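K.L.:
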Amino acid sequence: MLTLACRSLSKALLPLALSACLTSAGLAAPISVHEVAQPPVLHPLAMQTGGRMLLTRASNAVEFGGEQYTSQWPGSYFRAAFRGRDVYFRVGKAHEILHIRVDGQKIATLVKPSPGVYEVDGLSDAHHIVGVYVATESQAAPNTFDGFAIPALEKALRLPRPKRQIEFIGDSYTVGYGNLSPTRACTTQQVWARTDDTQAFGPLVARHYHAAYQVDAISGRGVVRNYNGFAADTVPEAYPYTLFNKQQRYENPAWKPQVIVVGLGTNDFTTKLHAGEPWKTRDALHADYEATYAKFLKKLRARDPHALVIVWAADVANGEVATEASKVVDHLQGQGDKNLVFVEIRGLQFHACNSHPTLQDDKTIAQRLIEIIDAHPGVWRR
């Protein structure tokens, strides 16, 4: 049973944190998440992360491991395991919404949390897995997280590393843009508040397979053309980098996804061309898209020779997106790529912010992708 008033909070904290109580077989009640000004002596927990991270030394967070994790691509998450009644985590710069989970259940949501140390207490004295999940998109600036820690008398545990990895590359559909919204009409602030990547199709698929995942997606971006032609890096241009400032290329030898899901093209084709854009005709745009998308997919294949690559498109823009994406896949299949498939996903409602997929749409997309992955049972043995 979930309640919204687990314990009293200071007036300063109320706008920043939503505390939650939970009663279940594995969790004691009440459970709360709250900021603490003077934490006890703490010892760091080993942590698993999801998403692209820039690691730097953090001398002011030694008790949390002494490293700061900076992330900007959506879908980042942090997990740790321990035995005890409470656990602490440290948030740095964070213009974001964070979901706090214990043993797979969401216990609290922090909205634009102030930098500092937060405690999760009220747990049963047992083994627990704690997770902090970023729900929002952060195109304007990255966010930072400093890790988890426990009091001296509690026991640190190590999480088994997932053997399965899935990567999701795309645009706002992959981000989960406005997917919580009951209406299509949304202000910019409402889009931010109603975006929950943890409930987008990518994390749904990953949780189904108990897989580690990355969400490498940017709302409004395309393969060669961004929404309505606005100037910014396209997804293939931003993709090689850890952060959007493009100062450090992303390299992680441990990241070897067995499945890569790519959905790009909605922003290339859902608006008309304008004077001054590089393409004089729609045919010229098609040719550029096809060549650039093929080149991007070839780079993914070179990095992960044995991965199952699923290219998908929704039935939008009068079928233009699906037609163009399928041409690219057909071309690469003709060149011998046998682990590349295309799927057009139909029947989505698009009733969320600015005609984006709803939570139900995310479930529909996830189920279709699961069907395709299950049709390739050998993928996890690669």
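The sequence shown maps to residues -28 to -1, 1 to 354 in mature numbering (1 follows the signal peptide of the UniProt record, and there is no 0).
Cβ coordinates follow ideal geometry from the N, Cα and C atoms, glycine included.
All values reported here derive from a predicted model rather than from experimental measurement.
1) Taking the runs of the beta strand (DSSP E) that are 3 residues or longer, which of them lie wholly in the segment 111 to 157?
2) Return the Cβ separation of Asn239 and Gly194 in integer angstroms, given the expectation that the two are a contact with Cβ distance under 8 Å.
3) Just curious, the alpha helix (DSSP H) that Gln161 is in, first and last residue?
4) Drop a sphere of 10 angstroms on the beta-carbon of Glu249, count the other beta-carbons inside from all chains shown, and report buried for 16 or more, exposed for fewer.
5) With distances taken Cα to Cα, identify the nearest neighbour of Ala80 among Gly192, Arg166, His6.
6) Let me check understanding here. Comparing Cα to Cα, which of Arg354, Gly350, Ala286 lies closest to Asp333?
7) Less than 9 Å separating the beta-carbons of Asp168 and Ala107?
8) DSSP three-state label for Gln305, please.
9) Taking Val102 as part of the alpha helix (DSSP H), name the residues at either end of that continuous run.
10) Please list, in chain order, all residues of the same chain as Ala289 whose beta carbon is under 6 Å from its beta carbon, the five residues on each side excluded.
11) What separation, rounded to the nearest whole angstrom, lies between the Cα atoms of Thr264 and Thr206?
12) Run the CB neighbour count on His100, radius 10 Å, all protein chains shown included, and call it buried at 16 or more, exposed below.
13) Determine the extent of the alpha helix (DSSP H) in which Glu209 is found, giving its start and end residues.
14) DSSP three-state label for Lys78, please.
15) May I have a chain-ordered list of the alpha helix (DSSP H) segments no shorter than 4 residues that lie completely inside the segment 286 to 344?
16) Given this structure, state the Cα-to-Cα distance separating His348 from Ile342, to the nearest angstrom.
17) At which residues does the alpha helix (DSSP H) containing Tyr265 begin and terminate?
18) Whose C-alpha, out of Arg254, Pro85, Leu312, Gln305, is nearest the C-alpha of His278?
19) Okay, do the segment 222 to 241 and the segment 135 to 146 touch, 3+ Cβ pairs below 8 Å being the bar?
20) Below 8 Å, how does it come out for the segment 80 to 98 and the segment 50 to 62: are there three or more Cβ pairs, yes or no?
21) Note down, in chain order, each residue of its chain lying with its Cβ closer than 6 Å to the Cβ of Phe36, except the 5 sequence neighbours on either side.
22) Compute the beta-carbon to beta-carbon distance between Pro11 and Glu91, rounded to the nearest angstrom, for a pair I have assumed lies under 8 Å.
23) Apply the 10 Å Cβ neighbour rule to Pro225 and answer buried if 16 or more other Cβ atoms are within range, or exposed otherwise.
24) Hey, quick one: how far does the beta strand (DSSP E) through Val231 stretch, first residue to last?
25) Please state whether DSSP places Leu(-7) in a helix, a strand or coil.
26) Measure the Cβ-Cβ separation of Leu236 and Pro114 and say whether it is below 9 Å.
27) Am I right that Pro329 and Tyr145 are in contact with their C-beta atoms under 8 Å? What's the rounded C-beta distance?
28) Does DSSP classify Ala33 as helix, strand or coil?
29) Just grab the DSSP bridge partners of Gly22 for me.
30) How about the segment 147 to 162 and the segment 202 to 217: do they share at least three Cβ pairs that are nearer than 8 Å?
31) How far does the alpha helix (DSSP H) with Ala178 in it extend, from its first residue to its last?
32) Please determine, among Asp346, Ile3, Tyr185, Tyr261, the residue with the shortest C-alpha to C-alpha distance to Lys299.
33) Could you tell me which residues DSSP pairs with Thr243 in its beta bridges?
34) List the residues that DSSP assigns as beta-bridge partners of Ser4.
35) Which two residues bound the contiguous beta strand (DSSP E) that contains Ser43?
P.N.:
The short version:
1) 115 to 123, 127 to 129, 137 to 142
2) 4 Å
3) 160 to 165
4) exposed
5) His6
6) Ala286
7) yes
8) helix
9) Unbroken run through Val102 is the beta strand (DSSP E), 98 to 106; no alpha helix (DSSP H).
10) Phe241, Thr242
11) 11 Å
12) buried
13) 207 to 210
14) strand
15) 292 to 306
16) 10 Å
17) 254 to 275
18) Leu312
19) yes
20) yes
21) Pro16, Arg62, Asp118, Gly119, Ala121
22) 7 Å
23) exposed
24) 231 to 235
25) Because Leu(-7) sits at a pLDDT of 38, beneath the cut-off of 50, its placement in the model cannot be relied upon, and the following sentence gives the value as read from the coordinates. It is a strand residue.
26) no
27) 6 Å
28) helix
29) Tyr49
30) no
31) 173 to 180
32) Tyr261
33) Beta-bridge pairing links Thr243 to no other residue.
34) Asp93
35) 39 to 43
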